[in-house]
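Line by line, the protein sequences are chains H and P.
Residues 463 to 778 (our numbering) are what the first sequence spells out, left to right.
Residues 668 to 927 (our numbering) are what the second sequence spells out, left to right.
Yeah, the Cβ is synthetic: ideal placement off N, Cα and C, and Gly gets one too.
Worksheet: one structure, shown below.
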Amino acid sequence: MKEEALKIKTVDVKSFRQVDLKKKTRVGESLIQILLFMAGVLSIFTTIAIVYELGKEAMLFFGDPDVTLVKFFTMTRWQPGIGQYGIAALVSATLTTSFIAILIALPLGLASAVYLSEYASPKARGVLKPVLEILAGIPTVVYGYFALLFVTPILKTIFEDRIQVYNMLSAGLVMGIMILPLIASMSEDALSAVPRALREGAYAMGATRLETSLQIVVPAALSGIGAAVIVGVSRAVGETMIVAVAAGAGPNFSFNPLDAAETMTGHIARISGGDLSYNTIDYTSLFAIALMLFLVTLVLNLISQWIVNRFREKYE
Amino acid sequence: MQSENGKYAIETKNLSIFYGAFEAVKDVDLQIEKQKITAIIGPSGCGKSTLLRAFNRMNDFVVTSHVKGEILMHGTNLYGRGIDPVEVRRRIGMVFQKPNPFPKSIYENIAWGARINGFKGDMDELVEASLRGAALWDEVKDKLKESAYALSGGQQQRLCIARTIAIQPEIILMDEPASALDPISTLRIEELMQELKKNYTIIIVTHNMQQAARVSDYTAMMMLYEDTRSGTVIEFDATNRIFTNPKDKRTEDYVTGRFG
């Protein structure tokens with residue numbers, strides 16, 4: 463002990479840089495600060511640019527003397543070429559498919575997350591999590607044809623003539639399967655982040671695993687689960703390929719999942735794929751749809767955020 | 668056996684606790700007297716917490732853990748066949764090192780445990796009685812709906828004690844309950860323990876020698892076997908004897924601060 467202490471004393475102070483209290487310029491620090499700032503600015507700038515471009519083109523659409531906001535929001539048919547401007551015909555399909563998707567993905571995703579974080583042995587988790595993540599890596603066009611060629615025939619045997627070949631139910635169900643891994647994985651992260659001490663406190667009160675999971679851990683993780691749902695909803699609303707392939711190829715104001723209908727994204731993809739001439743009403747209308755899509759996502763995000771803030775239980 | 672049942676709240680017989688092949692605690696025989704405070708002291712890593720967590724089967728959550736020997740409560744082996752660990756924990760409560768109130772209101776912190784344990788009586792009454800029992804009522808009676816996290820550390824710890832006594836356990840385990848608290852909060856917890864022992868049996872793990880001397884009636888001194896690194900109880904006696912006239916030289920060295 464004593465020898466070691468002596469050794470430390472023999473290190474020469476002169477081996478260090480001379481202490482100088484004067485302010486110095488540190489080039490590395492300034493450089494990295496500028497770089498990080500630029501990275502932040504870039505992402506904000508991109509968002510602003512997109513909104514600007516959308517807004518500019520959409521203004522051309524709304525600038526048309528025949529188009530009014532009243533028509534836009536109250537008509538139930540969408541065919542700008544012949545004076546039908548009812549965005550509801552597209553919004554209805556987006557809401558219906560997204561709603562079905564969340565109806566599938568939220569309970570199943572949350573259940574898988576609770577299983578993975580609270581019940582699964584480390585071994586089971588080691589197998590299941592990667593599988594879940596593979597599911598998230600499947601291209602959406604594959605999901606689209608899975609819906610059309612596998613799920614729809616099954617639904618046909620159940621609903622027979624009442625269901626159409628292209629229908630929102632099949633697209634919504636498969637979209638739910640698509641966002642399930644996302645919600646499961648993000649929720650699992652949120653659940654795992656809840657301190658062990660809270661679980662131990664619950665178990666020490668004579669709580670079962672289920673009571674602890676559902677009544678202590680899930681409420682404590684609600685902000686993270688809410689974030690997962692927000693991302694999931696946004697993915698569902700913005701999803702294009704599945705609905706384009708399986709939901710239908712024509713605007714149809716309907717909330718009946720058995721009907722064929724076209725979502726906002728599906729419509730944009732189909733119309734812009736054809737020979738569309740510049741500055742026609744059909745062309746500018748696409749930007750109006752995109753702006754509406756932006757708005758729907760925003761509103762859904764705000765609603766989710768509100769629900770989370772209302773019900774979450776804050777630890778710390 | 669019958670006469671012992673009257674005197675002791677819980678006993679261990681040849682108790683060894685394993686993590687996988689590693690024997691963390693070896694051959695412990697303790698008789699914990701009813702309505703007394705028993706302290707477990709000893710250097711870090713000697714298995715005090717492991718032993719404490721064996722009493723309410725909290726070690727079950729460590730997948731590789733298992734025990735040999737018995738822990739007897741009213742003659743029933745808590746590790747016997749067909750024993751439900753959930754029921755064991757309902758009868759043996761626990762207060763942890765760091766206060767861990769649930770992220771709910773003060774009221775709900777107490778009501779939750781009672782509700783999951785099938786309490787059918789007047790909840791307001793139970794909440795008030797439990798908070799009074801933990802000497803917290805006067806400080807929180809006007810803010811029962813506020814989050815438990817709005818309370819100070821010492822208040823949170825007393826809330827944790829309140830929620831534990833709300834479900835009427837027979838034994839309360841305390842794992843260094845005051846080590847994260849300031850001296851004044853510590854004093855309040857110690858005073859509270861003296862109140863609680865009128866109705867409950869308390870087993871406390873502590874690093875604080877003065878605390879063990881101040882609050883406990885009995886003290887178990889734990890130490891590691893040099894060769895196997897297993898912890899065991901080397902001396903178990905009335906607290907005043909452990910601190911004034913220990914039989915084991917190692918105990919004397921430890922309690923007088925000459926150890927390590």
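From Ile677 of chain P to Gln677 of chain H, what does the alpha carbon distance come to, in whole angstroms? The residue given as residue 677 of chain P occupies position 10 in the second sequence. The residue given as residue 677 of chain H occupies position 215 in the first sequence. Ile677 of chain P and Gln677 of chain H: Cα-Cα distance of roughly 31 Å.
Applying the 10 Å Cβ sphere with the 16-neighbour rule, what's the burial state of Trp768 of chain H? For this step, residue 768 of chain H is matched to residue 306 along the first sequence. Classification of Trp768 of chain H: exposed, given that the 10 Å Cβ count is below 16.
If we define contact as Cβ-Cβ less than 8 Å, is Met668 of chain P a contact residue for chain H? In the second sequence, residue 668 of chain P corresponds to position 1, counting from 1. Any reading at Met668 of chain P is ruled out, since the residue's pLDDT is 40, under 50, leaving its predicted position unreliable.
Check whether the Cβ of Gly694 of chain H lies closer than 7 Å to any heavy atom of the ligand SAH, and answer yes or no. Within the structure as shown, the ligand SAH is missing, as the structure has no ligands at all.
For a test of the three-state rule: what should DSSP assign to Phe715 of chain H, helix, strand or coil? In the first sequence, the residue the question calls residue 715 of chain H occupies position 253. Phe715 of chain H: coil per DSSP, three-state reduction.
Closer than 8 Å, Cβ to any Cβ of chain P: which residues of the stretch 662-693 of chain H, in chain order? Glu662, Gly663, Ala664, Tyr665, Ala666, Met667, Gly668, Ala669, Thr670, Glu673, Gln677, Ile678, Pro681 and Ala682
Using a Cβ cut-off of 9 Å, which residues of the stretch 735-765 of chain H contact any Cβ in chain P, in chain order? none
What residues of chain P sit near Ala659 of chain H, judged by a beta carbon separation below 8 Å? Counting from one through the first sequence, the residue named residue 659 of chain H turns up at place 197. Phe763, Lys765 and Asn767, listed in chain order.
Listing by chain order, which chain P residues have their CB less than 7 Å from the CB of Glu775 of chain H? One-based indexing of the first sequence puts residue 775 of chain H at position 313. Correct list: Pro770 and Lys771.
Mind checking which residues open and close the beta strand (DSSP E) that includes Phe685 of chain P? Reading the second sequence from its first residue, position 18 is the one you call residue 685 of chain P. Taken as a continuous stretch (DSSP letters only), the beta strand (DSSP E) holding Phe685 of chain P covers Tyr675 to Tyr686.
Does Ser972 of chain P have its Cβ less than 8 Å from a Cβ in chain H? Absent from the model: residue 972 of chain P. The displayed extent of chain P is 668 to 927, so no value can be given.
Using a Cβ-Cβ cut-off of less than 9 Å, list which residues of the stretch 737-760 of chain P approach chain H; keep chain order. Pro752, Val753, Glu754, Val755, Arg756, Arg757, Arg758, Ile759 and Gly760
Looking at the C-beta of Gly785 of chain P, does it have a partner C-beta in chain H at a distance below 8 Å? Here residue 785 of chain P is taken as the residue at index 118 of the second sequence, counted from 1. No - not a single Cβ of chain H is within 8 Å of the one on Gly785 of chain P.
Cα-Cα separation between Ile743 of chain H and Tyr514 of chain H, rounded to whole angstroms: As a position in the first sequence, residue 743 of chain H is number 281, starting the count at 1. As a position in the first sequence, residue 514 of chain H is number 52, starting the count at 1. Each residue's alpha carbon lies about 19 Å from the other.
Taking the beta carbon of Phe689 of chain P as the centre, do at least 16 other beta carbons fall within 10 Å, making it buried, or is it exposed? On the second sequence, position 22 is the one that residue 689 of chain P refers to. Exposed, since its Cβ has fewer than 16 Cβ neighbours within 10 Å.
Using Cβ-Cβ distances below 8 Å, what residues of the stretch 805-819 of chain P are close to chain H? Ser814 and Tyr816
Give me the chain H residues within the contact set of Arg825 of chain P, using Cβ-Cβ distance strictly less than 7 Å, ordered along the chain. One-based indexing of the second sequence puts residue 825 of chain P at position 158. Going along chain H, no residue has its Cβ under 7 Å from Arg825 of chain P, so there is no contact; the nearest lies around 14 Å.
Neighbouring residues, chain H, relative to Arg830 of chain P (Cβ below 8 Å): The sequence position of residue 830 of chain P within the second sequence is 163, counting from 1. Chain H residues near Arg830 of chain P: Met667.
Given Ala895 of chain P as reference, the closest of P:Asn681, P:Asp694 and P:Ser716 once Cα atoms are compared: Taking the first residue of the second sequence as 1, we reach residue 895 of chain P at position 228. At residue 895 of chain P the sequence reads Thr, which differs from the Ala that was named. Ranking P:Asn681, P:Asp694 and P:Ser716 by Cα distance to Thr895 of chain P puts P:Asp694 first.
Whole angstroms are fine: how far does the CA of Ile692 of chain H sit from the CA of Asn444 of chain H? Because chain H spans 463 through 778 in this model, residue 444 of chain H falls outside it and cannot be assessed.
Taking the C-alpha atoms as reference points, what is the distance between Phe903 of chain P and Val593 of chain H? Here residue 903 of chain P refers to the residue found at position 236 when the second sequence is read from its first residue. Here residue 593 of chain H refers to the residue found at position 131 when the first sequence is read from its first residue. Cα-Cα distance, rounded: 54 Å.
Under 9 Å by beta carbon: chain H residues contacting Met725 of chain P: On the second sequence, residue 725 of chain P is found 58 positions in, with the first residue counted as 1. Those within 9 Å of Met725 of chain P in chain H are Glu662, Tyr665 and Ala666.
Contact criterion: CB-CB distance below 8 Å. Does Ile834 of chain P meet it with respect to chain H? Within the second sequence, residue 834 of chain P is the residue found at index 167, counting from 1. Chain H, which has a Cβ nearer than 8 Å to the Cβ of Ile834 of chain P, makes this yes.
Where does Tyr777 of chain H fall in DSSP's three states? In the first sequence, the residue the question calls residue 777 of chain H occupies position 315. Tyr777 of chain H falls in the coil class under three-state DSSP.
Measuring alpha carbon to alpha carbon, tell me which residue in H:Val473, H:Leu617 and H:Met637 is nearest Thr602 of chain H. Start at 1 with the first residue of the first sequence, and residue 602 of chain H comes out as number 140. Considering only alpha carbons, the answer is H:Met637.
C-beta neighbour in chain H for Gly673 of chain P, strict 8 Å: Working through the second sequence from its first residue, we reach residue 673 of chain P at position 6. No, Gly673 of chain P does not count as interfacial toward chain H.
Of all the residues that make up the stretch 698-715 of chain P, which are near chain H by a beta-carbon distance shorter than 7 Å? none
Would you say Gly780 of chain P lies against chain H (beta-carbon separation less than 8 Å)? The count along the second sequence starts at 1 and reaches residue 780 of chain P at position 113. Taking Cβ atoms only, chain H reaches closer than 8 Å to Gly780 of chain P, which makes this a yes.
Cβ separation of Thr705 of chain P and Ile870 of chain P, assumed to be a contact under 8 Å, to the nearest whole Å: Along the second sequence, one-based indexing puts residue 705 of chain P at 38. Along the second sequence, one-based indexing puts residue 870 of chain P at 203. At roughly 5 Å, the Cβ-Cβ gap stays under 8 Å, so Thr705 of chain P and Ile870 of chain P are in contact.
Helix, strand or coil: which one does DSSP assign to Ile832 of chain P? Your numbering for residue 832 of chain P matches position 165 in the second sequence. Note: Ile832 of chain P maps to helix in three-state DSSP.
C-beta contact flag for Thr853 of chain P and Val762 of chain P at 8 Å: The sequence position of residue 853 of chain P within the second sequence is 186, counting from 1. The sequence position of residue 762 of chain P within the second sequence is 95, counting from 1. Result no, Cβ atoms of Thr853 of chain P and Val762 of chain P do not sit closer than 8 Å.
Compute the Euclidean distance between the alpha carbons of Ile834 of chain P and Asn784 of chain P, then round it to the nearest angstrom. Working through the second sequence from its first residue, we reach residue 834 of chain P at position 167. Working through the second sequence from its first residue, we reach residue 784 of chain P at position 117. Between Ile834 of chain P and Asn784 of chain P, the C-alpha separation is close to 7 Å.
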